[in-house]
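Remarks on the structure that follows.
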Amino acid sequence: MPDVNGLGHSMRRKEDPRFIRGQGNYIDDLKLPGMLWLDIVRSPYAHARIKNIDTSKAAKIPGVLGFVTGRDLEKYNLHWMPTLMSDQQMVLPTDTVKYQSQEVVGVIAADRYAAADGVAAVEVDYEPLPVVVDPHQALQPGAVKVRDDKDSNRIWHWEVGDPAATAQAFAQAATVVKEKIYIPRIHVASIETCGCVADWDAANKHLTLYMTTQAPHAIRTVLALVAGHVGLSEENIRVVSPDIGGGFGGKVPVYPGYVIAVAASVLLGKPIKWIEDRSENLAADSFARDYHITAELAADKDGRITAMRMDTVADHGYSDAQAAPSKFPAGLFHIATGSYDFQTAYLAVDAAYTNKPPGGVAYRCSFRVTEAVHAIERMVDILAHERGEDPAAFRMKNFIKPEQFPYKSAFGWEYDSGDYHKALRLAMDMIGYEDLRREQAEKRARGELMGIGLSSFTEIVGAGPSKHFDILGIKMFDSCELRVHPTGKAIARFGTKSQGQGHETTYAQIIAEELGIPAEHIKVEEGDTDTAPYGLGTYASRSTPTAGAAGALAARKVRDKARKIAAHLLEAAEEDLVWERGKFHVKGAPGRSKTIQDIALAAYTNHPQGLEAGLEAVHYYDPPNLTYPFGSYICVVDIDRGTGQVQVRRFVAVDDCGVRINPMIVEGQIHGGLTQGFAPALMEEMQYDENGNLYGGTFMDYMVPTAVESPKWEVGETVTPSPHHPFGAKGVGESPTVGAPPAIANAVVDALWHLGVRHVDIPLTAPKIWELLKRHGAALEE
Amino acid sequence: MSTHHIQLTVNGQVRAADVPARLLLVHLIRDNFDLTGTHIGCDTTSCGACTVLLNGKPVKACTVLAVQADGADVLTVEGLEQGGQLHPVQEGFTAKHGLQCGFCTPGMMLTAVALLRANPDPTEDEIRWGISGNLCRCTGYMNIVKAIQYAAEKLQVQEAQPA
Ligand code: FES
Ligand code: FES
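Just so you know, the sequences run in chain order P and H. Just so we're on the same page, this note's numbering is the position in the first sequence counted from 1, plus 259. Just so we're on the same page, this note's numbering is the position in the second sequence counted from 1, plus 1.
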């Protein structure tokens, strides 16, 4: 069998040669003839009336060419735009601004320096208005109203489960624990910010929009729907997503800057480039999380979990601009029953408007799974501790058992497969769990603070079956179009868009496995809506479960046709042909064979009568179910009693994402995801003062981990293939980001439980832990 | 604003430009010289995506004025490959999967080149501290460390071989 770099091969990435030579093609690298620059005047206030905008001084600055205001856009009814959740968001304000750093005026200039000069010279007169930043306050009667077009600050109320049965189960429980858990507002902080180049061709009424987007096809359709009345028509819109310098969900929404750039290009007839600064990216682009959860868990006298209840306030800023499937306004938050076997639960979410940036995005997260997993994994740990049980044994006792799959959860999800006991056992063996517990007891006797934290998460990814999943009505399938050329090489195009995940490599490997064409000979393209088939894009770990499956099935269609051609070439009946990877041979006569390359040539030079020429296929894959990756993580921390500093000493991560396409890439995803879970657990948070001023709007104070803080991850794997995915894969990108924070938080509380600490909200910064140590008399003070 | 004539060597080639006093080196490299491998990731000198070698020393090109580079020797990512041979650091990054989105990679590699020139046999800790001025959001750094270790070994072997 020739080695074609199919499934399971850690082949080097096909995208690397250009990136390591500095030949990537990111948005800011694009230069079009006659291109102008857009820069944006932003509001210093979180809530204010705009009394006047004076551009006269700015207009005199050499190189400054024009301005776009809300009043200009209002003439075309483009000053508001719909969000992906069918809420409304301002492109530019006509009357009031609703959050600090909101876009107020677009300044167009000949280059980026002149544009920045213009921004500095625009004078805006504001009348500050009262501000509400706390979502609980926002939901109180008489609160400052954020949105003039709404009756109240309550965006929606959503609930699932059985409140009466849950209340009854709690009344009968032997042990009940309750905790308020805040999942702070954070930011994806991809190292590349957002940007675009909008290029309007007036003669042909054609728009090319190069843009940092994870979902180019959906963007094209949204543009056609919202700007159809001013002449944008879908056949004349081409969205191109070039190389993306990290996305993590932050490049799913449509930000006002993109729309202003398009408007400016139409108004001035020139290509317009807009590239955010880092501080604009942090302060104005969509945040993630910001869920205030009150969680309760009940157990019977044997320590079996019997019921769960969660009540949540979700802060969306001034507009519900999150990216979640239409049917689920709180995303897949109701995966919150986790890896545990109980059938009684109730969960409610109230979403609130506040004077903060709109959002939030599913940051490396399948729509609120991170929030759900943090809540359940914290609560399970609290319950175990409360009962004096070992958290590992407590989990083992309560896990859904392997023989129970497919398992229907209390909220109706059908978990496709899993073996939670195996993953946790492996993690315990890798880290030496029992020895660590002994060490902890010894240290505790000496007054040292050491904690061991577990997290055994269940994920839900691969949105999704079209009966449940759509965005603005567009079903969440994904697609592949595959063409095999006469010389046996191929091109495959997909509806997704890599932002570093390595699709050019892994998709080629999937097709290599199915067709026996070496992965090196398969070119993968994504991101150009003129050429790629329609798809919903890359986020929520959906690429491998959906587009990857589409690739495999398109390849199987090609193989079916190849069989017909092979039968013709070998003068044999189709059913007498046997497929071995890369060729067909006649049953019983292995020497009589035709390779896929022979067949490809024949498809164009000698195809059988009655069969169409060519060798290509398109597949739109609508998954029958979601996939349910899982894992068990164990973290060991040491806490410095003199400073409150938490040191992650060891971290073992066992992931089960089903069949792995490229183990090297999967491991890389896990390392990166773990680090993005470590960051909010210990370092990152976007905080606002009572006036809605953001603390931490730059990389000086929004603390992205460097190589020094980042732990050395120890990774392990179990493989439980998805039973319904064409080759058993599940998706992995977000598992580690979802699973890591509760493992770290549980370790810290585990270190402090004997002092009386039951819960601490992340991030577990040194000052916060130090305060806690002082309060519990455990701080070492000079 | 005053304009200044500057001349510098970029990746071994002499380049000249008339630049406004406030032009940043990173924009000179990207916009005037079309060497777009040097990236911009922040506005506070924090991320290191813009790192180039200025007279052999790693600098954040977003925080150096173009005029300060007058007469200097600048190395960018585009100059790492020599005569069709990848630099061992480049090889290390692809061999050890030290990059994902690739946005931090040029700056990270140049920092690594400078680090290995100053310290040909660094410990893991020295590597981690050495690259702590460069942020990567994708990789979690473990494979970047391995990439630099790979390059260190390779450079030492090359060093030991007679030319
Ligand atoms: S661009 Fe971030 S340090 Fe230069
Ligand atoms: S590879 Fe994406 S930021 Fe480093």
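Heads up, the beta-carbon is just placed ideally off N, CA and C, and yes, glycines get one too.
P:TYR892 is a Cβ neighbour of P:SER714, given a cutoff of 8 Å. For P:ASN311, the three-state secondary structure derived from DSSP is strand. H:HIS98 belongs to the set of residues whose beta carbon lies under 8 Å from a beta carbon in chain P. Of all residues in the region 433 to 451 of chain P, the ones placed with a Cβ closer than 7 Å to any Cβ belonging to chain H are ALA448, SER449, ILE450, GLU451, in chain order. Of the residues P:ARG705, P:CYS916, P:SER725, the one whose Cα lies closest to the Cα of P:ASP675 is P:CYS916. Across the set H:ARG16, H:ASP74, H:LEU66, H:CYS48, the C-alpha of H:ASP74 shows the shortest separation from the C-alpha of H:LYS58. Between P:CYS453 and P:GLY365 a beta carbon distance of about 15 Å is seen, past the 8 Å cut, so the two are scored as non-contacting. Looking only at P:VAL456, P:SER800, P:ALA373, P:ASP370, the smallest Cα-Cα distance to P:THR886 is reached by P:SER800. Around the beta carbon of P:GLU636, 16 or more other beta carbons lie within 10 angstroms, which makes this residue buried. Assignment of P:HIS780 by DSSP, reduced to helix, strand and coil, places it in the helix class.
Secondary structure of P:ALA486 (DSSP, three-state): helix. Around the beta-carbon of H:ASP126, fewer than 16 other beta-carbon atoms lie within 10 Å, marking it exposed.
At a C-beta separation below 7 Å, P:TYR622 has no neighbours in chain H, since its nearest C-beta there lies roughly 11 Å away. Listed along chain P is no residue with a C-beta nearer than 8 Å to that of H:PRO123; the closest approach is about 12 Å. Taking 7 Å as the cut-off, one finds at least one heavy atom of ligand 1 near enough to the beta carbon of H:ALA50.
Residue state for P:VAL963 is assigned as coil, using DSSP reduced to three classes. In this structure, H:ILE30 keeps its C-beta atom at 8 Å or more from the C-beta atom of H:VAL68. Going by DSSP, P:VAL363 is part of the beta strand (DSSP E) stretching over 362 to 368.
The alpha-carbon separation between P:SER969 and P:PHE910 amounts to approximately 11 Å. Proximity of the region 89 to 96 of chain H to the region 138 to 153 of chain H meets the contact definition, three or more beta-carbon pairs being nearer than 8 Å.
For P:ARG568, the enclosing beta strand (DSSP E) starts and ends at 564 to 574. For P:ALA522, the number of other beta carbons within 10 angstroms of its own is at least 16, and it is reported as buried. For P:ARG537, the three-state secondary structure derived from DSSP is helix.
By the criterion of at least three beta-carbon pairs nearer than 8 Å, the region 99 to 119 of chain H is in contact with the region 277 to 284 of chain P.
Distance from the CA of P:LEU541 to the CA of P:SER578, rounded to the nearest whole angstrom, comes to 17 Å. At a cut-off of 8 Å between C-beta atoms, H:THR106 counts as an interface residue with respect to chain P. Under a criterion of Cβ atoms nearer than 7 Å, the residues of chain P adjacent to H:SER47 are, in order, PHE958, MET959. Chain-order list of chain H residues neighbouring P:LEU933: GLY141, by C-beta distance under 8 Å.
The way I'd put it, the region 869 to 889 of chain P doesn't touch the region 687 to 703 of chain P; fewer than three beta-carbon pairs between them come closer than 8 Å. Of the other Cβ atoms in all chains shown, fewer than 16 fall within 10 Å of the Cβ of P:GLU494; this residue is therefore exposed. From the listed residues P:LYS1033, P:ASN921, P:LEU685, P:ILE855, the smallest Cα separation to P:GLY901 is found for P:LYS1033. Between the C-alpha atoms of P:PRO882 and P:GLY732 there is a straight-line separation of about 17 Å. DSSP lists P:ASP609 as the bridge partner or partners of P:HIS416. Ligand 1 has no heavy atom closer than 7 Å to the beta-carbon of H:CYS102.
Sorting H:THR52, H:PRO163, H:ALA70 by C-alpha distance to the C-alpha of H:MET110 places H:THR52 at the top. Secondary structure at P:TYR285: strand, using DSSP grouped into helix, strand and coil.
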